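Just so you know, the protein sequences line up as chains L and G, in that order. Numbered per UniProt numbering, the first sequence spans residues 1 to 183. Numbered per UniProt numbering, the second sequence spans residues 1 to 183. Every residue gets a Cβ at the ideal spot worked out from N, C-alpha and C, and that includes glycine. For clarity, every value in this text was computed on a predicted model and none was experimentally measured. Reviewing the structure listed below.
Number of protein chains: 2
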Amino acid sequence: MKMSPLVTSAVLHFGEMGSRWGFNRTVGQMLALIVLHEEPLSAQEIADALSISRGNTSMGLKELQSWQLIKQHHIPGERKEFFIPAGSIWVLANRVFEERRKREIDPTMSLLRDLMMESASSEQDSNVQARLHEIHDLLESVTAWSQELQNLGPEKLDTLMKLGAGVGRILEFKDKLLPGKSA
Amino acid sequence: MKMSPLVTSAVLHFGEMGSRWGFNRTVGQMLALIVLHEEPLSAQEIADALSISRGNTSMGLKELQSWQLIKQHHIPGERKEFFIPAGSIWVLANRVFEERRKREIDPTMSLLRDLMMESASSEQDSNVQARLHEIHDLLESVTAWSQELQNLGPEKLDTLMKLGAGVGRILEFKDKLLPGKSA
DNA sequence: TTAAACTTTCAGTAATTTCTGAAACTTCAG
DNA sequence: CTGAAGTTTCAGAAATTACTGAAAGTTTAA
Numbered sequence: 001m002k003m004s005p006l007v008t009s010a011v012l013h014f015g016e017m018g019s020r021w022g023f024n025r026t027v028g029q030m031l032a033l034i035v036l037h038e039e040p041l042s043a044q045e046i047a048d049a050l051s052i053s054r055g056n057t058s059m060g061l062k063e064l065q066s067w068q069l070i071k072q073h074h075i076p077g078e079r080k081e082f083f084i085p086a087g088s089i090w091v092l093a094n095r096v097f098e099e100r101r102k103r104e105i106d107p108t109m110s111l112l113r114d115l116m117m118e119s120a121s122s123e124q125d126s127n128v129q130a131r132l133h134e135i136h137d138l139l140e141s142v143t144a145w146s147q148e149l150q151n152l153g154p155e156k157l158d159t160l161m162k163l164g165a166g167v168g169r170i171l172e173f174k175d176k177l178l179p180g181k182s183a
Numbered sequence: 001m002k003m004s005p006l007v008t009s010a011v012l013h014f015g016e017m018g019s020r021w022g023f024n025r026t027v028g029q030m031l032a033l034i035v036l037h038e039e040p041l042s043a044q045e046i047a048d049a050l051s052i053s054r055g056n057t058s059m060g061l062k063e064l065q066s067w068q069l070i071k072q073h074h075i076p077g078e079r080k081e082f083f084i085p086a087g088s089i090w091v092l093a094n095r096v097f098e099e100r101r102k103r104e105i106d107p108t109m110s111l112l113r114d115l116m117m118e119s120a121s122s123e124q125d126s127n128v129q130a131r132l133h134e135i136h137d138l139l140e141s142v143t144a145w146s147q148e149l150q151n152l153g154p155e156k157l158d159t160l161m162k163l164g165a166g167v168g169r170i171l172e173f174k175d176k177l178l179p180g181k182s183a
């Protein structure tokens, strides 16, 4: 399985970006390769294409499966397992968001809730708690916003963006029609 | 400058999360400390409070300034510089998004555009290009969506979320009123 | 039950990232 | 000027993270 120069460029790039997206270089490369390659790939083929050890490949596949970005695909008559993307690009992107939210937001929300509970032992600390509250609410809103994105799906998102005016504009518009419903 | 237990917990946590948010542990701690502490802090006070070297503190302050998360604050009569947050929590959060977009999305968009340009040298590669196109468009939409979030501002976002119905619902509603405008 | 085909685990090594502290630099008062 | 008060830089040390490859494990066919 030789990668074309086009695929090679993309794979290398996704490797470099991988670390910024929450996984490491090889895992990023593996994902790109599996997504871009039409045919299901075996662990060995992946290891060969990327020139990485079989052990590392196994670890990487495990990680990609834990992120639910790839899934196994059994080919009748073949002994070994093959791997394919776990869904459309949209699905994969959502999985990445979801997973990152779990790692980057949820633990903080949880801590902030705990700290807000504690009774402040000083004037200073009351102010600190107020700040923490503000951060908590912001994270909550951002989470809700990204949830909206997922609920929307790719087509509606596209429609919305093509509208040009932006969500703020639509909201305004709605307020005028139903002023009773606005906050 | 002794940190209260409340502040200590928050600072330590933001340190741990820091690495997931694009900066390292100490930079995360420094940011939390500066944001939670009412008074402007000097580099030395920060180094002492967090028990880190003066050199490291200097690096961290530089990084936080490059992210535009803190700014210098001169106190008349004082020789040294002090540091305070560069804005409200909302502003800080937006700066973080912005910076991450630059690091995590923009380089990929740029590469994808380049690769899509190249004339495909095989059937295979045409298919790969189609996939890359799909990824590109998705990233573009996501970027636009997060831009919407920033344009909205905290109050409107809050209003929207309290509406409960979600953006999809509003969009639907709008379509019914102005069917000609839908995509 | 054996052995071939394949996968996973993990101890040790390699690579990368972060941190320290001493030296170099800057600024300003006297 | 001079030196005190402050800052920045950066080479090397420490800590963390990723990778290899050999050994142990699993599955299936005969």
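- Residues of the segment 66-100 of chain G with a Cβ closer than 7 Å to any Cβ of chain L, in chain order: I89, W90 and A93.
- In the three-state reduction of the DSSP assignment, L/P85 falls in the strand class.
- Chain order gives the chain L residues near G/K156 as V167, G168, L171 and E172, where near means a beta carbon separation below 9 Å.
- In the three-state DSSP reduction, G/K71 falls in the strand class (E or B).
- The alpha carbon of L/R100 has as its nearest neighbour, out of L/S19, L/I135 and L/H13, the alpha carbon of L/S19.
- Within the segment 4-26 of chain G, S4, P5, L6, V7, S9, A10, H13, F14, E16, M17, R20, W21 and G22 place their CB atoms closer than 9 Å to a CB of chain L, listed in sequence order.
- The Cβ atoms of L/P154 and L/W67 lie no closer than 8 Å to each other.
- When the Cα atoms are used, G/G87 and G/L69 turn out to be separated by approximately 8 Å.
- For G/M3, there is no enclosing alpha helix (DSSP H), as DSSP gives it neither H nor E.
- Taking CB atoms only, L/R103 has a neighbour in chain G less than 8 Å away.
- For the pair L/V128 and G/L36, the CB atoms are nearer than the 8 Å cut-off.
- The residue from L/M1, L/T8, L/G55 and L/V142 with its alpha-carbon nearest to that of L/I105 is L/V142.
- Bridge pairing for L/S42: L/F82 [DSSP].
- In terms of Cβ geometry, L/T108 and G/M30 do not form a close pair [threshold 8 Å].
- Within 9 Å of the CB of G/D106, no CB atom of chain L is found; the nearest one sits about 11 Å away.
- When the alpha-carbon of L/F83 is set against those of L/L111, L/N94, L/A43 and L/M117, the nearest one is in L/A43.
- In the DSSP assignment, L/S119 falls outside any alpha helix (DSSP H), carrying neither H nor E.
- Counting along the chain, the unbroken alpha helix (DSSP H) around L/R25 starts and ends at R25 to L36.
- With fewer than 16 other Cβ atoms from the protein chains shown falling within 10 Å of its own Cβ, L/H74 counts as exposed.
- With its beta carbon less than 8 Å from one in chain L, G/A144 belongs to the interface.
- Closest in alpha carbon position to L/D137, among G/D158, G/G60 and G/K80, is G/D158.
- L/K156 sits close to G/G168, with the two beta carbons spaced by under 8 Å.
- Distance from the CA of G/L41 to the CA of G/N56, rounded to the nearest whole angstrom, comes to 16 Å.
- Sixteen is the threshold: since fewer than 16 other Cβ atoms of the shown chains lie within 10 Å of the Cβ of L/P5, the residue is exposed.
- In this chain, the alpha helix (DSSP H) harbouring L/S58 covers R54 to S66.
- The Cβ of L/E39 sits no closer than 8 Å to any Cβ of chain G.
- In this structure, L/P85 sits away from L/I46, with a CB-CB distance that is not shorter than 8 Å.
- C-alpha of L/V7 to C-alpha of G/D125: approximately 8 Å in a straight line.
- The alpha carbon of G/V11 has as its nearest neighbour, out of G/D114, G/G28, G/M1 and G/G22, the alpha carbon of G/G28.
- One thing to note: G/R95 has its Cβ no nearer than 8 Å to the Cβ of G/G22.
- With its beta carbon at least 8 Å from every one in chain L, G/M30 lies outside the interface.
- Taking 8 Å as the threshold, the shortest C-beta distance from L/R131 to chain G falls below it.
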